[in-house]
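Engineer: Handing you a structure now.
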Amino acid sequence: MKYTFIIDDKKYEVEANDYGKAMVKMNREVVDKQNLHPMAWFGNDDDKSIPVNTWKLVRGNFYD
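For the sequence shown, the working numbering gives the first residue as 7, with consecutive numbering after it.
Encoded structure:
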């Protein structure tokens with residue numbers, strides 16, 4: 007299945023068996039390498055304006 011990840015104005019498409027594996031790939035290959043932490047992924051469950059199977063990176067610390 008294809009999943010879409012949005013970081014700022016750039017879209018990435020990732021093929022994976024499930025969204026968890028796609029998210030791990032994005033975190034390792036993009037987020038970590040570009041040092042985009044702290045951040046969180048928000049999807050359709052969080053914001054209905056985000057399409058299904060799409061996650062948007064939002065910068066900030068949401069858990070402390």
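C-beta atoms are modelled at their ideal positions from N, C-alpha and C, and glycine is treated no differently.
This structure is a prediction, so every number in the text was calculated from the model and none was measured.
Cα separation between Asp71 and Met45?
Structural biologist: Examination of residue 71 is not possible in this model, given that the chain is present from 7 through 70 alone.
Engineer: Nearest to Leu42 by CA position, among Asn50, Lys8, Val64, Ala28, is which residue?
Structural biologist: Sequence index remark: in the sequence shown, residue 42 carries index 36 (1-based). Cα-wise, what sits closest to Leu42 is Val64.
Engineer: My understanding is that Thr10 touches Glu21, with C-beta atoms under 8 angstroms, so please give their C-beta distance in whole angstroms.
Structural biologist: Taking the sequence shown and counting its residues from 1, the one referred to as residue 10 is at position 4. Taking the sequence shown and counting its residues from 1, the one referred to as residue 21 is at position 15. 11 angstroms between Cβ atoms; not a contact.
Engineer: Please classify Met7 as buried or exposed, where buried requires at least 16 neighbouring CB atoms within 10 angstroms.
Structural biologist: Your numbering for residue 7 matches position 1 in the sequence shown. The residue in question, Met7, is exposed, as its Cβ has fewer than 16 Cβ neighbours within 10 Å.
Engineer: When you compare only the Cα positions, how much space is there between Ile12 and Asn67?
Structural biologist: For this step, residue 12 is matched to residue 6 along the sequence shown. For this step, residue 67 is matched to residue 61 along the sequence shown. Looking at the two C-alpha atoms, the distance is approximately 18 angstroms.
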